[in-house]
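Asks: Numbering (this note's numbering), first residue to last: 14 to 689.
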Amino acid sequence: MHTSTSPYLLETASIDWGDDNVPRSSLYGDVYYCREHGLAETRYVFLEQNSLAERFSAVADHTTFTIAETGFGTGLNFLAAWQLWREQVKPSSLCRLHFVSVEKHPLFKADLQRALAQWPELAELSQTLEQAYPELVAGQHRLEFDDGRVVLDLLFSDAEAGFASLQRSRHPLYLRSHAAVDAWFLDGFAPGSNPGMWSDSLFNAIAALSKTGSSFATFTAAGFVKRALQERGFSVEKVPGFGRKRDMLRGRFSPTARPAPTQKRLRVSENAAWHLPEPMPRPASVAVVGAGLAGCHTAAALAKRGIRVTVLEQGHQVAGAASGNPQAILYTKLSHQAGQLNQFALSSFLHACRFYRAMPDLPGDLCGVLQLVDSTRQEQLDKLRSAFARQDDWCQFVSSEEASAIAGIDLASPAVYFRQAGWLRPAALCKQLLSHPNISVLTGHALHELRQQARGWQLQCENGASITVDAVVLANSHHAMGLPQCAHLPLKIIRGQLTLIPDSEVSALPRSVVCHEGYIAPPVDNEIVIGASYDTRSADTALRDEDNEANLQKLQEAIPGITFSARNTPYKARASLRCTSPDYLPLIGPAPIAEQQLKTFAPLAKDAKTLVEQRGAYYPGLYLNLGHGSRGLTSTPLAAEIVAAQLCSEVPPLPRDLTRALSPSRFLIRSLVRGR
């Protein structure tokens with residue numbers, strides 16, 4: 014067990030393995046399951062009492078069935094639901110099972126493996142879960158199985174805070190604006206052992222996330238649980254419990270019969286639902302503009318949900334612009350502070366590592382990344398070590414000697430070692446992401462005009478082509494600002510130039526990626542890629558000798574032992590343009606109608622705490638995935654999931670505060686609040 018003041022670390026589970034090999038919580042004095050009948054109890058209490066076999070078999074094509082659980086524990090309930098889903102739903106239907114579970118005290122992987130070894134019939138699923146089991150970092154972790162047909166969101170958090178974070182808004186008019194859960198597993202330890210798992214605030218969050226007909230089942234029959242659920246609109250029925258347990262509860266949500274109570278006290282940040290668009294039907298067809306990393310990840314995320322996707326690329330090949338570099342680095346920079354930029358950077362990095370590890374034919378090498386640390390900044394290094402203590406499975410703090418041994422070259426600085434990271438070929442990755450039967454790619458189709466229709470959008474291309482779809486996602490970097498709908502966006506262009514040197518001319522070749530102010534990575538196509546310049550004052554992609562010299566100089570300052578045998582030779586290079594935002598967070602979400610948005614929320618200019626009783630003003634079905642800067646390889650897999658979840662009205666892959674922080678509307682709202 015480890016307790017820390019770090020915003021990222023958790024109090025992990027403390028397991029007492031008795032003589033019967035049954036896991037017991039030392040914190041709560043309760044068992045995770047009964048030794049003889051744990052799986053049978055799960056099937057009876059949660060699967061049967063929620064009528065899941067019948068409901069799974071009746072799920073309509075291309076839809077998502079969502080289960081939410083209070084207490085992940087050993088994952089037994091999830092595995093039983095997953096097994097039943099496989100039995101009842103054909104893969105060809107492209108239906109998705111979305112399982113959302115909170116866990117305040119997650120198990121270490123070794124304890125999880127030992128617990129699940131009790132159930133041999135679940136061995137295949139157990140091993141798959143164990144391989145994907147996330148790092149024990151506080152926050153929300155999305156795992157995908159069965160080619161994306163089964164999704165597990167693990168929230169390492171207190172149950173009340175975890176489920177409250179999934180609500181799209183805490184505004185009093187929109188508390189139930191994201192009612193997506195079809196069935197609840199109210200599991201947690203018994204109320205007598207863990208009363209915090211059965212609080213009024215948690216029941217409020219459960220009601221807010223439930224829709225008419227949402228079911229629940231729980232092993233407990235406690236009177237206060239029954240009354241709390243009834244008060245929030247659930248019909249509650251007492252039925253025979255499993256085995257020796259006399260009673261348990263089950264029921265359905267009927268908010269018209271007894272509406273859920275309204276939360277009276279609001280945080281300042283929830284006084285205006287400016288980030289919420291009006292609800293729209295799930296699109297059957299989507300156009301994604303841009304075939305770089307952002308566009309290709311977005312297309313893949315939509316296609317696996319059964320949506321027909323047309324990708325428009327103005328160039329004559331996929332990933333021909335900034336995503337066309339021969340090598341891209343999967344990396345992050347750690348911070349001990351919990352700002353929204355740092356939280357998104359870490360969440361997207363961990364998600365990307367899982368995503369790329371699961372790819373069958375990875376176009377690159379997850380050989381590890383060393384982020385060099387300035388040894389003179391000892392105080393900052395100590396804070397990082399404290400914030401990420403006991404995270405050695407993915408993040409190690411290594412000495413210069415240890416870093417040198419990992420990289421295979423002499424390094425003079427200590428480093429943070431990300432063992433799961435590495436490098437990829439972006440163009441090959443993009444082509445692999447687009448190889449889905451639901452995706453069509455049209456290169457040489459520069460977007461000229463975006464016309465809103467009575468339903469959907471018409472895209473007019475410069476070559477005369479016209480395409481009509483239900484929704485559009487703009488993933489075309491700074492080119493989006495050329496459209497009237499996006500002219501207000503404060504995107505900034507970054508020019509970056511890579512230097513490419515034959516590996517035969519480099520004195521020492523690294524075995525892993527080494528990041529400093531730039532980076533050097535193992536050879537690709539017999540070349541060493543050295544990157545990269547960072548220029549926000551130019552949009553010219555003409556190659557510059559001085560940028561090559563600056564790249565080499567920065568590298569030799571960071572790694573003095575590296576030399577080049579042909580220093581005076583004109584080196585190959587590649588320059589491209591990326592874009593970022595003023596706060597360096599990407600723009601992910603619905604596209605605002607700028608003038609109308611400013612008018613709707615004008616009262617915030619006088620008083621930022623004013624309660625505005627309207628949703629945001631947005632173009633129906635127009636979404637953005639822009640501004641990833643130099644971290645596109647890292648941030649775009651999670652960004653694509655955010656956009657797809659919003660378009661399909663699914664439980665989001667990030668908590669509400671982070672989703673709001675990524676909203677393209679944030680700059681308009683800030684301009685009002687700050688009087689600019």
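We put the beta carbon where it would ideally sit given N, CA and C, even for glycine.
I'd like the span of the alpha helix (DSSP H) that includes L343, first residue to last.
Replies: Run containing L343: none in the alpha helix (DSSP H); it sits in the beta strand (DSSP E), 341-343.
Asks: Which residue spans inside the segment 44-101 form an unbroken alpha helix (DSSP H) run of at least 4?
Replies: Segments of the alpha helix (DSSP H) lying fully in the segment 44-101: 51-55, 65-70, 89-101.
Asks: When you compare only the Cα positions, how much space is there between A351 and Y21?
Replies: Between A351 and Y21, the C-alpha separation is close to 8 Å.
Asks: Only counting the same chain, and skipping five residues up and downstream in sequence, which positions put a Cβ closer than 6 Å to that of S175?
Replies: Here residue 175 turns out to be Gly, not Ser, going by the sequence shown. For G175, where only same-chain residues beyond five positions count, the Cβ hits under 6 Å are V115, L168.
Asks: Going by the C-beta, is L135 closer than 7 Å to any heavy atom of the ligand FAD?
Replies: Among the ligands in the structure shown, none appear at all, so the ligand FAD cannot be discussed.
Asks: In terms of DSSP beta bridges, what is F169 paired with?
Replies: Looking at the DSSP assignment, F169 forms a beta bridge with G152.
Asks: Could you please give me the residues that DSSP links to S508 through a beta bridge?
Replies: Before going further, note that residue 508 is Arg rather than Ser in the sequence given. Answer is D548, L590, bridged to R508.
Asks: Would you say A335 and S490 are within 8 Å of each other, going by their C-beta atoms?
Replies: Contact: yes.
Asks: How about V302 and S525: are their beta carbons less than 8 Å apart?
Replies: No, they are not a contact pair.
Asks: Applying the 10 Å Cβ sphere with the 16-neighbour rule, what's the burial state of H329?
Replies: So H329 ends up on the exposed side.
Asks: With a floor of 4 residues, list each alpha helix (DSSP H) that falls wholly inside the segment 226-269, ordered by position along the chain.
Replies: Those alpha helix (DSSP H) runs which fall completely within the segment 226-269 and span 4+ residues are 236-244.
Asks: According to DSSP, which residues form a beta bridge with K585?
Replies: In DSSP, K585 forms a bridge with L513.
Asks: Going by beta carbon distance, what residues of the same chain come within less than 6 Å of D548, once the five residues before and after it are set aside?
Replies: R508.
Asks: Straight-line CA distance for L460 to M494?
Replies: Cα-Cα distance, rounded: 12 Å.
Asks: If you compare alpha carbons, which of Q498, Q340, D32 is closest to A440?
Replies: When each option's Cα is compared against that of A440, the closest is Q340.
Asks: Is P272 helix, strand or coil by DSSP?
Replies: Because the pLDDT at P272 is just 47, under 50, the model does not fix this residue reliably, and the point stays unresolved.
Asks: Does the beta-carbon of D171 have 16 or more other beta-carbons within 10 angstroms, so that it is buried, or is it exposed?
Replies: Buried: at least 16 other Cβ atoms inside 10 Å.
Asks: Check whether the segment 365-373 and the segment 427-446 are in contact - that is, three or more C-beta pairs closer than 8 Å.
Replies: Result yes; three or more Cβ-Cβ pairs closer than 8 Å.
Asks: Between the segment 30-41 and the segment 121-135, do at least 3 Cβ pairs fall closer than 8 Å?
Replies: Counting Cβ pairs under 8 Å, three or more are found: they touch.
Asks: For V482 versus Y636, is the C-beta distance shorter than 8 Å?
Replies: Contact: no.
Asks: Ignore the nearest five residues each way along the sequence and tell me which others in L513's own chain have a CB closer than 8 Å to its CB.
Replies: Only P339, E540, I541, V542, I543, Y584, K585, A586, R587 meet the Cβ criterion.
Asks: Taking C-alpha atoms, which residue in A579, A500, A552 lies nearest to V562?
Replies: Note on identity: in this sequence residue 562 is Glu, with Val being the wrong assignment. Minimum Cα distance to E562 is reached at A579.
Asks: Might you give, ordered along the chain, the residues of its own chain that have their beta carbon closer than 7 Å to the beta carbon of S106, omitting 5 neighbours on each side?
Replies: Closer than 7 Å at the Cβ level, and outside the excluded window around S106, lie D74.
Asks: In terms of residues, what are the limits of the beta strand (DSSP E) holding C528?
Replies: 526-528 is the span of the beta strand (DSSP E), which, as asked, contains C528.
Asks: Do the segment 219-227 and the segment 181-196 make contact, defined as three or more Cβ pairs closer than 8 Å?
Replies: The answer is yes - the segment 181-196 touches the segment 219-227, with three or more Cβ pairs under 8 Å.
Asks: So, using beta-carbon positions, are A304 and C443 closer together than 8 Å?
Replies: Yes, the Cβ-Cβ distance between A304 and C443 is below 8 Å.
Asks: For A400, which of V150, P133, Y45 has the nearest alpha-carbon?
Replies: It is V150 whose Cα lies nearest to the Cα of A400.
Asks: With 16 as the cutoff for other CB atoms within 10 Å, does L598 come out buried or exposed?
Replies: Looking at its Cβ environment, which holds 16 or more other Cβ atoms inside 10 Å, L598 is buried.
Asks: Inspect the beta-carbon positions of E518 and F577 and report whether they are closer than 8 Å.
Replies: Yes, the pair counts as a contact, with Cβ atoms nearer than the cut-off.
Asks: How big is the Cα-Cα spacing for N117 and G246?
Replies: It should be pointed out that residue 117 corresponds to Lys in this sequence rather than to Asn. K117 and G246: Cα-Cα distance of roughly 27 Å.
Asks: I'd like the ranges of any beta strand (DSSP E) spanning at least 3 consecutive residues and lying wholly in the segment 586-636.
Replies: Correct list: 600-605, 625-628.
Asks: What are the boundary residues of the alpha helix (DSSP H) that D558 is part of?
Replies: D558 -> alpha helix (DSSP H) spans 558-571.
Asks: Tell me the DSSP secondary structure of H491 in three-state form.
Replies: Of the three classes helix, strand and coil, the one that applies to H491 here is helix, per DSSP.
Asks: On a CA-only basis, which of A241, N284, Q566, L89 is nearest S214? Give me that one, please.
Replies: That would be A241, whose Cα lies nearest to the Cα of S214.
Asks: Along the chain, which unbroken stretches of the alpha helix (DSSP H) at least 4 residues long are found entirely within the segment 291-320?
Replies: Listed in chain order, they are 306-316.
Asks: So, for E61: in the same chain, excluding its five sequence neighbours on each side, which residues have a beta-carbon less than 6 Å away from its beta-carbon?
Replies: Taken in chain order, the list of residues that qualify is empty.
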